[in-house]
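Accompanying notes for the structure given below.
In full-length UniProt numbering, the protein residues as written are 1 to 474.
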């Protein structure tokens, strides 16, 4: 049995390697997050300040430091490039896959290796989660530590020593993305409610873990609060936590219907299966006969399905919405689908071959969609205009010198700033430029013909989306 488990783990690692590492550094670092985080890492490598980050020399405390430390370490090993900066998120994507495997292994009995592999492979081949893991996304390590916290909880129910891992994972999660680090508590609480088992709260190893988690997460927060004072609390807790829970800080048009659309469009085929999983979990609440037939798999099915529902509804209730907020729930969607298979077998008398056919179909569809995203037509977290931004930025890094750089009619500046290494300001109008020559202007192609003045100066770069104009004398 142990050998079979190792074979499945090896196969899972190979699968992850095939989908996570090829072309990982091929595309430019995108606006907003990737390029911003990359600039923070670049300055950390230069100034050596690993506690208080800066963005173009100004104090930057938008996010906790753990992922940036890992990105910095990766950049030191592999150089400051796209591959190195994306590598930590990719590794946490792989860790999430392995943890999904281990969770099913820990819970299951009969056919647990096959179901566990399906959970791990499904997590790897979940298109939007895979795309996020190939990007600089803090939500991917959050997904990993939430799965880790739940895994240690499940193991801790059998051996209380493992309960210490719950608090450690929460502490790590807080150091990755603040309050998001508490997500592991959702499935743990739901498990405890449904099983009516809260005895783990009385185990000393759980509280040892909470203490260790506090040791991991509190020192940096205390240091920054003492050093920066009210500015840290206002930015880190005020704007990035409290305000996002009470108002739409992004002023975007993403609503609950868009959340649902993203979930079902980019989560196939698992998002469709999830509806069935949730229906089974709800049926179990009201039908005693169904609960008796479903057996031991019903509890993990209900826990994972309700975890997705609770977190999803929570994000829907928050005014500030981003599609990336949903990333941590996707492994739980897969787990709910996997746990549904043995429940369906027992309650609807599915023959094993039928269940196997469903599993193969799920993996085949997932593999096709993920292969298309990685190797054929990347769409998620990929901006087509970022190539122009990178090329212009690199050109300016060697040509602009001390001359000022502006953009007009183009709201995306983080990628341009990262590759140029220079600050870029907005220019309100171009018809009558009141800026002393020389300077550089980045302008969308469709606006070039609108301003005759632009035609009188050199265009050292003309891309598919952007044009670079050099305003100079002579």
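All C-beta atoms in this analysis are idealised placements derived from N, C-alpha and C, irrespective of residue type, glycine included.
Neighbourhood of residue i by C-beta, 8 angstroms cutoff - its chain only, sequence neighbours within 5 removed
i, result
"residue 427", "406, 407, 408, 433, 435 and 441"
"residue 479", "There is no way to answer for residue 479, as the model of the chain reaches only from 1 to 474."
"residue 308", "274, 278, 329, 332, 333 and 336"
"residue 55", "36, 39, 40 and 43"
"residue 198", "192"
"residue 425", "404, 405, 406 and 407"
"residue 224", "51, 52, 61, 232 and 236"
Sub-8 angstroms separation of residue i and residue j beta-carbons
i, j, result
"residue 183", "residue 148", "no"
"residue 61", "residue 235", "yes"
"residue 38", "residue 29", "yes"
"residue 472", "residue 437", "yes"
"residue 466", "residue 444", "yes"
"residue 250", "residue 178", "no"
"residue 190", "residue 303", "yes"
"residue 338", "residue 122", "yes"
"residue 113", "residue 206", "no"
"residue 33", "residue 383", "no"
"residue 172", "residue 136", "no"
"residue 185", "residue 299", "no"
"residue 131", "residue 21", "no"
"residue 51", "residue 120", "no"
"residue 391", "residue 463", "yes"
"residue 175", "residue 259", "no"
"residue 59", "residue 228", "yes"
"residue 310", "residue 245", "no"
"residue 128", "residue 380", "yes"
"residue 240", "residue 138", "no"
"residue 400", "residue 420", "yes"
Residues near residue i by beta carbon distance below 7 angstroms, same chain, minus five either side
i, result
"residue 209", "163, 164, 165, 166, 167 and 168"
"residue 152", "162, 163, 165, 166 and 169"
"residue 476", "An answer regarding residue 476 cannot be provided, because it is not within the stretch 1 to 474 covered by the chain."
"residue 347", "290, 293 and 294"
"residue 359", "118 and 341"
"residue 486", "The requested residue 486 does not occur in the structure, where the chain is confined to residues 1 to 474."
"residue 262", "323 and 326"
"residue 356", "none"
"residue 276", "340"
"residue 284", "290, 291, 294, 298 and 302"
"residue 217", "171, 174 and 175"
Helix, strand or coil at residue i [DSSP, three-state]
i, result
"residue 80", "coil"
"residue 426", "strand"
"residue 43", "helix"
"residue 320", "coil"
"residue 469", "strand"
"residue 410", "coil"
"residue 50", "coil"
"residue 254", "coil"
"residue 297", "helix"
"residue 200", "helix"
"residue 34", "helix"
"residue 58", "strand"
"residue 451", "coil"
"residue 283", "helix"
"residue 328", "helix"
"residue 265", "helix"
"residue 403", "coil"
"residue 28", "coil"
"residue 383", "coil"
"residue 439", "strand"
"residue 444", "strand"
"residue 462", "strand"
"residue 134", "coil"
Expected contact under 8 angstroms - CB spacing of residue i and residue j to nearest Å
i, j, result
"residue 93", "residue 140", "5 angstroms"
"residue 422", "residue 396", "6 angstroms"
"residue 170", "residue 181", "6 angstroms"
"residue 45", "residue 75", "6 angstroms"
"residue 484", "residue 53", "One cannot answer for residue 484 here, as it falls past the ends of the chain, which runs 1 to 474."
"residue 160", "residue 124", "About 32 angstroms separates the two Cβ atoms, so there is no contact after all."
Contacts around residue i, its chain only, beta-carbon distance under 6 angstroms, and the 5 residues preceding and following it disregarded
i, result
"residue 71", "41, 85 and 88"
"residue 458", "470"
"residue 105", "112 and 116"
"residue 187", "150, 303 and 307"
"residue 461", "392, 395 and 468"
"residue 414", "31, 32, 35 and 36"
"residue 69", "none"
"residue 439", "403, 404 and 471"
Problem set entry | Runs of alpha helix (DSSP H) wholly within the stretch 344-380 (minimum 4 residues, chain order) | The stretch 344-380 contains these whole alpha helix (DSSP H) runs: 352-371.
Exercise. Which ranges does the alpha helix (DSSP H) cover as unbroken runs of at least 4 residues, wholly within the stretch 172-249, from first to last along the chain?
Worked result: Listed in chain order, they are 185-195 and 204-228.
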